[in-house]
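Undergrad:
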Amino acid sequence: MITPTQNNEYCLIAESTLVDLANLIVEDAAAGLFRVHRSAMTSAKIMELEQERIFGRSWLYVGHDSEVPEPGDYRRRTVGGRPLIFLRSRDQQIRVLINSCLHRGALVCRTDSGNANAFQCFYHGWSYDTTGKLIGVPDPDGYSNNFNKLEQFLVTPPNVDSYRGMYFVNFGYKVPSLANYLDDARELIDLTMDSAEPLGGWKVVRGTAKFRIRANWKLLAENSTDNYHFRTVHRTYSDYLTDRRERLGAAAPSVNRITNSQSLALNNGHVAMLTQSVGRTIANPSPVWSKEAAAETARLREQLATIYGEERGHQMSDISRFLIIFPNHAFHDTQSGFRMRQWWPLSPGEMEVNQWEFVPRREREDLAAYRLEGAVTFQGPGGFGTPDDIEALESCQVGFGAPEVEWSDISRGMQRLPRSDDELAARGFWRQWHALIQGLDGAKRTGDLAAPELSVHKMEVRA
Amino acid sequence: MSVGGAVAAGVPASHENLLLRLAVEHFLYEEAALLDNWRLDEWFALFTKDARYLVPTTDLPEGDPAHDMMFVDDDYERLKGRVNRLKSRYAHREYPSSRTRRLITNARLTRVDSDEVDVEASFAVYRSRNEMIAPYVGLYRYTLARGTGGTFLIRRRRAELDLERLTDHGAVSIIL
Numbered sequence: 002m003i004t005p006t007q008n009n010e011y012c013l014i015a016e017s018t019l020v021d022l023a024n025l026i027v028e029d030a031a032a033g034l035f036r037v038h039r040s041a042m043t044s045a046k047i048m049e050l051e052q053e054r055i056f057g058r059s060w061l062y063v064g065h066d067s068e069v070p071e072p073g074d075y076r077r078r079t080v081g082g083r084p085l086i087f088l089r090s091r092d093q094q095i096r097v098l099i100n101s102c103l104h105r106g107a108l109v110c111r112t113d114s115g116n117a118n119a120f121q122c123f124y125h126g127w128s129y130d131t132t133g134k135l136i137g138v139p140d141p142d143g144y145s146n147n148f149n150k151l152e153q154f155l156v157t158p159p160n161v162d163s164y165r166g167m168y169f170v171n172f173g174y175k176v177p178s179l180a181n182y183l184d185d186a187r188e189l190i191d192l193t194m195d196s197a198e199p200l201g202g203w204k205v206v207r208g209t210a211k212f213r214i215r216a217n218w219k220l221l222a223e224n225s226t227d228n229y230h231f232r233t234v235h236r237t238y239s240d241y242l243t244d245r246r247e248r249l250g251a252a253a254p255s256v257n258r259i260t261n262s263q264s265l266a267l268n269n270g271h272v273a274m275l276t277q278s279v280g281r282t283i284a285n286p287s288p289v290w291s292k293e294a295a296a297e298t299a300r301l302r303e304q305l306a307t308i309y310g311e312e313r314g315h316q317m318s319d320i321s322r323f324l325i326i327f328p329n330h331a332f333h334d335t336q337s338g339f340r341m342r343q344w345w346p347l348s349p350g351e352m353e354v355n356q357w358e359f360v361p362r363r364e365r366e367d368l369a370a371y372r373l374e375g376a377v378t379f380q381g382p383g384g385f386g387t388p389d390d391i392e393a394l395e396s397c398q399v400g401f402g403a404p405e406v407e408w409s410d411i412s413r414g415m416q417r418l419p420r421s422d423d424e425l426a427a428r429g430f431w432r433q434w435h436a437l438i439q440g441l442d443g444a445k446r447t448g449d450l451a452a453p454e455l456s457v458h459k460m461e462v463r464a
Numbered sequence: 004m005s006v007g008g009a010v011a012a013g014v015p016a017s018h019e020n021l022l023l024r025l026a027v028e029h030f031l032y033e034e035a036a037l038l039d040n041w042r043l044d045e046w047f048a049l050f051t052k053d054a055r056y057l058v059p060t061t062d063l064p065e066g067d068p069a070h071d072m073m074f075v076d077d078d079y080e081r082l083k084g085r086v087n088r089l090k091s092r093y094a095h096r097e098y099p100s101s102r103t104r105r106l107i108t109n110a111r112l113t114r115v116d117s118d119e120v121d122v123e124a125s126f127a128v129y130r131s132r133n134e135m136i137a138p139y140v141g142l143y144r145y146t147l148a149r150g151t152g153g154t155f156l157i158r159r160r161r162a163e164l165d166l167e168r169l170t171d172h173g174a175v176s177i178i179l
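Chains as they are written, first to last, in this note's numbering: chain R, 2 to 464; chain Y, 4 to 179.
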């Protein structure tokens, strides 16, 4: 039981409990205990603080350059509540414009995607070129000469930057560069991005999974780097895979992706789990694939080792990377394909999720088919996996309706080399969240005190 | 079978086609009754071995499973896997099972051959669970294989949603 603090600026009322921000997380490294106060998932006051202190100053994903390949191509995106246009302007620059007319505020772009020469506001007809420059105002004689001489542009977010084809914005001021923000997470991103270079790089496929989950947004961060739930939540998926393998007379995979795995807490709150796994079209085949497909993945595996060296090449091929870019972006290069997923709080108890699947531009047809099969079987609202994750998260949120149960336990694996079924990644996320929500610049340490130093890209690849 | 908002012309309203439409509607209603009553093995027996069951994402009703992401892209074996999963008490999103009610209307025959019929129909599938009711609204596109005596089997079954996003639904955890 924690002591209620009176008259604190940030006293929070979670039903009947008063908790101050410093006490939202209780950690005892020596005892191996880590607990999160559940008001973090239910309090509207905390969500308000999150908007300002987390989403207001973190780098937030907008889109991938493959989504706007031609000059004039655009996609509408909502990021941090702002209506944005992500586009390649006619001068070939990828830009992010705020989708709000300078005149009275209406959206200047009202279709989700397309190709444009200009954007004309439907309200009074002001028009803008694809760089955002105001190029036309109906009946300009009604305005002063000074007005008509002004060069005016649609507003852009204060910070726009890209890394390996991924575009991000940051609505804060005096923020670190995107590269510094991503920091050591770049090693993991680079492995995945480099791995598709021999196949022409990654592109987003059409068909976005757009859905909502009636649970706090942070529960999806926890869930996305957690293999502890796999055996219980995803039992029907495992059973399906086993039935299929037996029907096809294939051998069981020789690697154990639970015991040969790691949980990672990187700098700045990015977290990950790494698992050695089969069924990766780049480039470690599943036992159920055809001999030809297996031979092609073996060739790719060799090619990657030749280009990037054996160590990095084998990391690319044999290890699945489930990375969360803090605070709300999953970068998952897995045995069921490579996808990104982003989610936003709508209220303390509900989030909105968007999910994009990526494929190499020039993947051989049989491997591309295996890739999409793997993705659609497990992933997304209609898969054999995701619906049960959604059920678990919603079930937790219902449980949070009882404020008498104050704490969630995130202690697993605090005193051993953390595997993917441990909770180091969740703790790393929570430590950064806790620092930011208190108005600090970030956590001094996101890892466990007792954890041995881990090398991000040197996970042992076992035969 | 046309896809994705392409409106296929209906067949002429001949006496024979109108009778055929009645038989098709009868089939669709019986199918809906099996699903609403969770008689999934009997439902699965309605499919041909080369069957395909598809649900495109909400942003791409014209999605092609050969190169687009879908919510559902089941061949016969994966559909069998889906049915087995939904019968399990470990399919947590559907245990205990939700209640569903399927309203199927505006059935139009868009192709009539000696061995196959293409059908389009509007649907509203209501799913109730955990104090929440969420309607899935959209268009069915079927290719039915014609058997003897006015019977049918399902060769293609495609449910295109009119929703912009799954909201209170969360997932597509039932058969649409």
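Virtual Cβ for every residue (Gly too), placed ideally from N, Cα, C.
As the structure is a computational prediction, the values presented were derived from the model and not from experiment.
Identify whether Y:T170 lies in helix, strand or coil by the three-state DSSP scheme.
TA: It is coil, neither helix nor strand.
Undergrad: Name the chain R residues whose beta carbon is nearer than 7 Å to that of Y:D76?
TA: V377
Undergrad: I'd like to confirm the pairing. Which residues does DSSP put opposite R:D142 in its beta bridges?
TA: Paired residues: none, contrary to the question.
Undergrad: Using a C-beta cutoff of 8 Å, does R:K211 count as contacting chain Y?
TA: yes
Undergrad: By the three-class DSSP mapping on this structure, what secondary structure does R:D442 have?
TA: coil
Undergrad: Do you know how far the Cα of Y:T60 is from the Cα of R:I47?
TA: Whole-angstrom Cα-Cα distance: 33 Å.
Undergrad: How big is the Cα-Cα spacing for R:T115 and R:Q93?
TA: Looking at the sequence itself, residue 115 of chain R is Gly, so the reference to Thr does not match. If you take the alpha carbons of R:G115 and R:Q93, they lie about 16 Å apart.
Undergrad: Output yes if chain Y places a C-beta closer than 8 Å to the C-beta of R:P382; else output no.
TA: yes
Undergrad: Could you have a look at R:Y124 and say whether DSSP puts it in helix, strand or coil?
TA: coil
Undergrad: Hey, quick one: how far does the beta strand (DSSP E) through Y:K52 stretch, first residue to last?
TA: F50 to P59
Undergrad: According to the neighbour-count rule (16 or more other Cβ atoms, all chains shown, within 10 Å of its Cβ), is R:G137 buried or exposed?
TA: Its Cβ having fewer than 16 others within 10 Å, R:G137 is exposed.
Undergrad: Given that a residue counts as buried once 16 or more other Cβ atoms are within 10 Å of its Cβ, and exposed if not, what is R:T209?
TA: buried
Undergrad: So which residues of chain Y does R:L208 contact, with C-beta pairs closer than 8 Å?
TA: The residue asked about is misnamed: residue 208 of chain R is Gly in this sequence, not Leu. Simply P59, T60, D62, L63, G66, D71, M72 and M73.
Undergrad: Would you call the stretch 392-412 of chain R in contact with the stretch 35-42 of chain R, where contact means no fewer than 3 C-beta pairs closer than 8 Å?
TA: yes
Undergrad: Would you call the CB atoms of R:L34 and R:S412 closer than 8 Å?
TA: yes
Undergrad: Is the shortest distance between the beta-carbon of Y:Y56 and the beta-carbons of chain R less than 8 Å?
TA: no
Undergrad: Could you tell me whether the stretch 98-114 of chain Y touches the stretch 129-139 of chain Y, where touching means 3 or more Cβ pairs closer than 8 Å?
TA: yes
Undergrad: I need the DSSP call for R:G429, collapsed to helix, strand or coil.
TA: R:G429 falls in the helix class under three-state DSSP.
Undergrad: In the structure shown, what three-state DSSP assignment does R:F327 receive?
TA: Three-state DSSP puts R:F327 in coil, outside helix and strand.
Undergrad: Quick one: which chain Y residues come within Cβ less than 7 Å of R:P404?
TA: The contact set of R:P404 on chain Y, defined by CB atoms closer than 7 Å, is empty, because the minimum CB distance reaches about 20 Å.
Undergrad: Give me the chain R residues within the contact set of Y:Y93, using Cβ-Cβ distance strictly less than 7 Å, ordered along the chain.
TA: R236 and T237
Undergrad: Quick one: does R:I86 have its CB under 8 Å from some CB of chain Y?
TA: no
Undergrad: Cβ closer than 7 Å: which chain R residues qualify as neighbours of Y:V175?
TA: P382 and G383
Undergrad: Does chain Y have any CB closer than 8 Å to the CB of R:E293?
TA: no
Undergrad: R:S262 and R:T276 look like a contact to me (Cβ under 8 Å); what is the Cβ gap, rounded to whole Å?
TA: 4 Å
Undergrad: Beta-carbon within less than 6 Å of R:A331's beta-carbon, same chain only, minus the 5 sequence neighbours each way: which residues are those?
TA: S225, I325 and R342
Undergrad: R:L151 and R:Y129 - do their beta-carbons sit closer together than 8 Å?
TA: no
Undergrad: Taking only three categories from DSSP, how would you classify R:G338?
TA: strand
Undergrad: Given that Y:L43 touches chain R, what residues does it touch there, using C-beta distances under 8 Å?
TA: Here the premise fails: no neighbours, minimum Cβ distance about 14 Å.
Undergrad: Within 10 Å of its beta-carbon, does R:R446 have 16 or more other beta-carbons around it, so buried, or fewer, so exposed?
TA: exposed
Undergrad: What number of angstroms, rounded off, separates the C-alpha of R:L98 from the C-alpha of R:R187?
TA: 26 Å
Undergrad: Between the stretch 147-173 of chain Y and chain R, which residues of the former have CB atoms less than 8 Å from a CB of the latter, in chain order?
TA: E167, R168, L169, T170, D171, H172 and G173
Undergrad: Identify which residue in R:Y62, R:I259, R:S145 and R:E51 has its Cα closest to the Cα of R:N160.
TA: The shortest C-alpha separation from R:N160 is found at R:Y62.
Undergrad: Using the beta-carbon of each residue, which ones in chain R are nearer than 8 Å to Y:G13?
TA: Chain R residues near Y:G13: none, gap ~29 Å exceeds 8 Å.
Undergrad: Would you kindly work out how many angstroms separate the C-alpha atoms of R:I26 and R:A403, rounded to a whole number?
TA: 18 Å
Undergrad: Within the stretch 86-143 of chain Y, note down every full alpha helix (DSSP H) run reaching 4 residues or more, in order along the chain.
TA: none
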